[in-house]
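**Student:**
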Amino acid sequence: MSNAAQLDRRAVRGRAVRVGDLAIGDGMPVAVIGGQDARWLSLRGHHGGIPADEVICRARAGWDGPLLVEPFSAADLDAIARHADGVVVGAAWMQDFALVRAVARLGLPVIVQRGRAATLEEWLAIVDYCVAEGNDLVVLCESGSRTPLEGVPLDLTLMRAARERSGRPVIASIGGGDGGADDGVLAAAAVAAGADGLLLDPGAPPAVVIAAHEAATVLAPLVRPEAPATLAEARAAIDRVDAALATLLERRVALAGTIQRLKPVGGFQGRDMERERRLVAAMACRAPRLGEERLAPVMNAVIEAGLRLAEAERGDARLRSHGSPDHA
């Protein structure tokens, strides 16, 4: 397939880069590469004498979604062109300019990991190499910097600067394979900092994958607007907003239960209607299209659901402390 045809097949929509059927960028959901959205394979150290074609085909087996591959050398590129939807230029190869140019000439989307000693200018210069070869489908990936501290922390400030300077999607590499609790925190921090996606290590444990998808599903709707173009995309965006709403509602009823235990008069008799009015007015400032008139019945339903739950839980607590009526 010609470079022109491949570029057309994976056209950029706005500032989004399409990798197969996955779009990464502004106005799109946070992608999780290494989870359910897409997978990637590194050929570094995994050949074992097996041809790259066979290694990639094994990764393809049972997986119909987008597949990205990191080459070990330029010798792998023909196999990648035949079987992959995109290429990962690893941090160790970022400044191998001959390899970068050869990768770009494939016409496939390219994810460029920042070398651990690379400056912002050096990182962004790789984009220019790709564009010079006729490939504008570039995603930048922040992968951390070497420090005297243990580990390779991400530079989220640099990630944001790369996004603003280049106008291109920027993702964050997390999940070093050890399954540490910090990986979940890092996923949330990267999403909050504006990452368009999360790149998990191919061997990332299930806990890291779950944490990444949770950040992309629940946190992302709170910090990044989406611009769906199809009915399916719009419904998927609503599902993510609903997931965030459900999480916040669960937290709200827990806090409301605490208030019920602290108030001198609880339950429906202890409702503070003036406070509820102020609450709705404050919310209307954040949701002006709904306004107080439409928000009031919504919040009334939320408050009453919390009160009924608090009453039910009090009843359950009394039964546990005094025994069930059958054994009284």
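Position in the sequence shown (from 1) plus 761 gives the number in the numbering used here.
Cβ atoms here follow ideal geometry from the backbone N, Cα and C, with glycine treated the same way.
Under 8 Å, do S927 and L901 count as touching if we go by C-beta distance?
**Tutor:** In this structure, L901 lies closer than 8 Å to S927 by Cβ.
**Student:** Just tell me which of A878, Q856, E1065 has its CA closest to the CA of Q1030.
**Tutor:** Nearest of A878, Q856, E1065 to Q1030, Cα basis: E1065.
**Student:** Please report how far the alpha carbon of A1078 lies from the alpha carbon of A1071, in whole angstroms.
**Tutor:** About 10 Å.
**Student:** Buried or exposed, going by whether 16 or more other CB atoms sit within 10 Å of the CB of T908?
**Tutor:** Annotation note: pLDDT 46 at T908 (below 50); position unreliable, coordinate value reported separately. Exposed: under 16 other Cβ atoms inside 10 Å.
**Student:** Using three-state DSSP, classify R1047 as helix, strand or coil.
**Tutor:** Note: R1047 maps to helix in three-state DSSP.
**Student:** Just list the alpha helix (DSSP H) runs in the segment 929-990, keeping only unbroken ones of 4 residues or longer that don't cross its boundaries, in chain order.
**Tutor:** List check, alpha helix (DSSP H) in window: 942-953, 967-975, 981-984.
**Student:** My output table needs one value for Q856: the three-state DSSP class, helix, strand or coil.
**Tutor:** If DSSP states are grouped into helix, strand and coil, Q856 belongs with coil.
**Student:** For the putative contact between D870 and G847, defined by C-beta atoms under 8 Å, what is the C-beta separation to the nearest angstrom?
**Tutor:** As written in the sequence, residue 870 is Pro, which differs from the Asp given in the question. Going by Cβ atoms, the distance from P870 to G847 rounds to 4 Å, so yes, they are a contact pair.
**Student:** Provide the residue(s) that pair with E831 in DSSP beta bridges, ordered along the chain.
**Tutor:** Its beta-bridge partners are S803.
**Student:** Looking at the strands, I want to know which residues DSSP matches up with R779.
**Tutor:** According to DSSP, R779 bridges with A784.
**Student:** Is the beta carbon of R800 sitting closer than 8 Å to the one on G826?
**Tutor:** Cβ distance < 8 Å, so R800 and G826 count as in contact.
**Student:** For a test of the three-state rule: what should DSSP assign to G847, helix, strand or coil?
**Tutor:** G847: strand per DSSP, three-state reduction.
**Student:** Using only CA atoms, which one of G964, H844, V816 lies nearest to I794?
**Tutor:** If we check each option's Cα against that of I794, G964 comes out closest.
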